[in-house]
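What follows is a set of notes on a single structure, which appears directly below.
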Amino acid sequence: MMAENYPPYSYEVDGLAEGLISDIVHIIQEQVGEQSSKITFYPWARSYQNLQDGTSDVLFPMARTPEREKLFKFVGPVATSVVYLYRKKETDVYVDSVEEAKRVGRIGVTRNDIFHQLLVKWGFANLDVSSSRDSDFRKLYKGRVDLVPLSEYDMYHFFQNIPDLDESMFEKAGRHIYTVRSYIAFGTHVPDAVVLKWQKSLDAIKESGVYQDIINSYYDHLK
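Note that this note's numbering has the sequence shown beginning at 1203, numbered continuously upward.
So this is what it looks like as structure tokens:
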């Protein structure tokens, strides 16, 4: 089982997986009678490839897109977030539309993540591709890229685990560009019965109110 280092959804603390979706995964495994699996954190591109070739069974969080439907199976959604392009504070980069964003200098993205794939699909040719979101924001701070995409709610949690950067160093460069829904992704080799069992468990967690309690525990202080 793999996860991306992507607070507040999934991140590592003292060798253990923490985060909103990590918590949900542990509850699902308990409800379906599975032993709690070790969650390993790799760079996104490696995890994405491992899931495709069957080296691993599960990866989260993953946005569900038409292009990914034939590559993976999905349980969810487990989270929804609104995405903005961020600039270094006190710079004059402003974008009011996707078309305007295509004309800025460079946009930092993480290889094969949803923002990379989405912007390529939209025809962006000004992408600076890295192995991690940490690297994207370090480049933004140093002026090596002009914009980096991220969810508004995720900004706070993301910078809690990066000691040399702070949320206050960055700001929105315009209106939101996308709404992303995150899922738990399974390799196509995983039986449909297993995926269905996980989906039913997630649905039950939502109906019981446990899901909302988890969401609130991560986001209430941002309201």
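Beta carbons: idealized from backbone N, C-alpha and C, even for Gly.
This one's a predicted model, so the numbers in the text were calculated from it and none came from an experiment.
One question on the structure: do A1387 and F1262 come within less than 8 angstroms of each other, judged by their Cβ atoms?
Taking 8 angstroms as the Cβ cut-off, A1387 and F1262 qualify as a contacting pair.
Within 10 angstroms of the Cβ of Y1175, are there 16 or more other Cβ atoms? Answer buried if so, exposed if not.
Outside the displayed range of the chain (1203 to 1425) lies residue 1175, so it cannot be described from this structure.
Would you kindly work out how many angstroms separate the C-alpha atoms of I1309 and D1330, rounded to a whole number?
Between the C-alpha atoms of I1309 and D1330 there is a straight-line separation of about 6 angstroms.
Please state whether DSSP places E1220 in a helix, a strand or coil.
The DSSP-derived three-state label of E1220 is strand.
If you draw a straight line from the C-alpha of K1272 to the C-alpha of K1341, how long is it?
The alpha-carbon atoms of K1272 and K1341 are separated by roughly 34 angstroms.
Are the beta-carbon atoms of R1346 and S1333 separated by less than 8 angstroms?
When the beta-carbon positions are compared, R1346 and S1333 stay at least 8 angstroms from each other.
Starting from S1165 and walking both ways along the alpha helix (DSSP H), at which residues does that stretch end?
This structure cannot speak to residue 1165, because the chain is shown only from 1203 to 1425.
Between P1209 and H1378, how many whole angstroms is the CB-CB distance? I'm expecting something under 8 angstroms.
P1209 to H1378, Cβ: 20 angstroms. No contact.
Give the range of the alpha helix (DSSP H) segment to which Y1421 is assigned.
Run containing Y1421: V1412 to Y1421, per the alpha helix (DSSP H) assignment.
Using the three-state DSSP reduction, which class does I1309 fall into: helix, strand or coil?
Residue state, collapsed to three classes: strand.
DSSP state of I1386, grouped into three classes?
Judged by DSSP in its simplified three-state form, I1386 adopts strand.
Beta-carbon proximity list for P1245, same chain, < 7 angstroms, skipping 5 on both sides:
These residues qualify, in order along the chain: S1333 and S1334.
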